[in-house]
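Q: Mind the numbering: the sequence shown is residues -5 to 347 in the numbering used here, read in order.
The structure under discussion is supplied below as structure tokens; questions concerning it will follow.
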Amino acid sequence: MAKPQDVHPLSNESISITTSETPQPDPTFPPYHHDDDEAAEARDTISDDIPSMLPLPTNRGRRVSVSAESIQPSLHKTQQEYVVHPKSDQQRERIKDAICNNFLFRNLDDDQHRTVVDAMAEKRVKSGEQVIEQGAQGDYYYVVEQGTFDCLINGNKVTSYGPGGSFGELALMYNAPRAATIVATSDGVLWALDRITFRSILMDSTARKRRMYEQFLEEVPILKSLKTYERHKIADALEPVQFDDKEVVMHEGDVGQNFYLIEDGEAVFYKKDEDNQLREVNRLGKGDYFGELALLHDNPRAATVVAHGRLKCVTLDKSAFTRLLGPVMDILKRNSENYHAILKEVHSNDQQS
């Protein structure tokens, strides 16, 4: 066996993982009971700087009914049918920046973000024009391109918005009454996204993603023995995660929480030698998997894994791994024993050289 190569100089630096090993779920429709939603329900998540103790709009003494349209997958638009409203590169970046940290959008993938930005339509308003009326039904979410806008609750100003600000996102999920009035204080330009388009985008993207994962799983050797319905269950549980070149996926010695399948790209594996230097011990590519050792045996991570170029993976957390991969668990354990044998051989060759 050839002597393992020295690790990239990055290995001698303090490396931090910029992508969490526990990916956030990619929502079809985000649940209503969100950590931040108690205040959001009262004020339509209009701004973090609005006081949380704001009066609810109208209908005192009874809870306002909240509902949403039922969109049948067979009836909603396909990706090719979405209207693309022209925007400059600068406008697209401003819209993306405005939505990326919003809880409703933060888990969308790049394709979903692109489709959402494409679907936003320009709306020009005059100074003094009312964009949203408190108590009215909400249909649109808005991102401010130009101008300034005041937010009023029961006639009292609570905040204002300028370029890059956004408001009305709960309208994309629910037929809930608006919790505030928004008035333009100057001529302005807004980008608007309606609820039906947004929900259709999510449904279309989710359906396409499931088909893609099912096709991918059919090509993974370790999963070929599974029945079709078993692969379907795994496809529904997979969460996407991406790593940039030289980004660390996991550190040797870390507690393992996730199992990884490589969708595209290459992962390089390193282990510390007797001099505490990282040595390359393996490389894996599309269709390969890693991270199972720590989950099978409740041991710390056996190696440091670094992305070589752009690395796209899908993951299962520990509970899903145990629940869904039961039929191939014996194969995984046998392969893990082979892996340990390879590591011993590498270590032995390293000592002899």
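Where is the CB? At the ideal position from N, CA and C, for every residue including glycine.
Could you tell me the distance, in whole angstroms, from the CA atom of Glu212 to the CA atom of Asp282?
A: 12 Å
Q: If we count the other Cβ atoms within 10 Å of its Cβ and call it buried at 16 or more, is Ser219 buried or exposed?
A: It counts as exposed.
Q: Within a Cβ cutoff of 7 Å, which residues of the same chain sit near Lys266, ignoring the five residues on either side of it in sequence?
A: Glu246, Leu272
Q: Give me the Cα-Cα distance between Val275 and Phe263, rounded to the nearest whole angstrom.
A: 6 Å
Q: Distance check for Val119 and Ala355, CA to CA, integer angstroms please.
A: There is simply no residue 355 to check, as the chain begins at -5 and stops at 347 in what is shown.
Q: Return the residue from the list Val249, Glu241, Asn270, Asp248 that minimises the CA-CA distance to Glu260.
A: Glu241
Q: Just list the alpha helix (DSSP H) runs in the region 80 to 134, keeping only unbroken ones of 4 residues or longer that don't cross its boundaries, in chain order.
A: 83 to 94, 104 to 113
Q: Beta-carbon within less than 6 Å of Asp144's beta-carbon, same chain only, minus the 5 sequence neighbours each way: which residues are those?
A: Closer than 6 Å at the Cβ level, and outside the excluded window around Asp144, lie Lys151, Ser154, Val177, Thr179.
Q: Report yes or no: do the region 190 to 207 and the region 224 to 242 share at least 3 C-beta pairs separated by less than 8 Å?
A: Verdict: yes, contact present.
Q: Can you give me the start and stop residues for the beta strand (DSSP E) that Ser154 sits inside?
A: 150 to 155
Q: Taking the beta carbon of Ala301 as the centre, do at least 16 other beta carbons fall within 10 Å, making it buried, or is it exposed?
A: buried
Q: Report the residue from Glu127, Glu139, Gln128, Gln131 whose alpha carbon sits nearest the alpha carbon of Glu87.
A: Glu139
Q: Suppose only complete runs of 3+ residues qualify. What are the beta strand (DSSP E) ranges in the region 232 to 278, listed by chain order?
A: For the region 232 to 278, whole beta strand (DSSP E) runs of length 3 or above, ordered along the chain, are 233 to 237, 242 to 244, 252 to 266, 272 to 278.
Q: Taking 6 Å as the limit between beta carbons, can you name the residues of its chain near Val183, skipping five residues before and five after?
A: Taking Val183 as the centre and dropping the five residues before and after it, the same chain places the C-beta of Arg118, Glu139, Gln140 closer than 6 Å to its C-beta, in chain order.
Q: Excluding five sequence neighbours on each side, which residues of the same chain lie with their C-beta closer than 8 Å to the C-beta of Gln214?
A: Sequence check: residue 214 is Val here, not Gln. So the list reads Leu255, Gly281, Tyr283, once near-sequence residues are dropped.
Q: Taking DSSP's pairing of strands, which residues face Phe284 in a bridge?
A: Tyr254
Q: Can you list, in chain order, the residues of its chain with a C-beta nearer than 7 Å to that of Ala165? Leave out the 5 residues immediately preceding and following it.
A: The beta carbon of Ala165 lies closer than 7 Å to those of Gly132, Asp133, Tyr134, Tyr135, Arg189 in the same chain, with the five residues before and after it left out.
Q: Name, in chain order, the residues that DSSP records as bridge partners for Gln209.
A: Answer is none; Gln209 lacks a bridge partner.
Q: Report yes if the CB atom of Asp103 is closer than 7 Å to the CB atom of Val78, and no otherwise.
A: no
Q: By the three-class DSSP mapping on this structure, what secondary structure does Ala296 have?
A: coil
Q: Output the distance between the C-alpha atoms of Ala170 and Thr191, rounded to the nearest integer angstrom.
A: Answer to the nearest angstrom: the Cα atoms are 17 Å apart.
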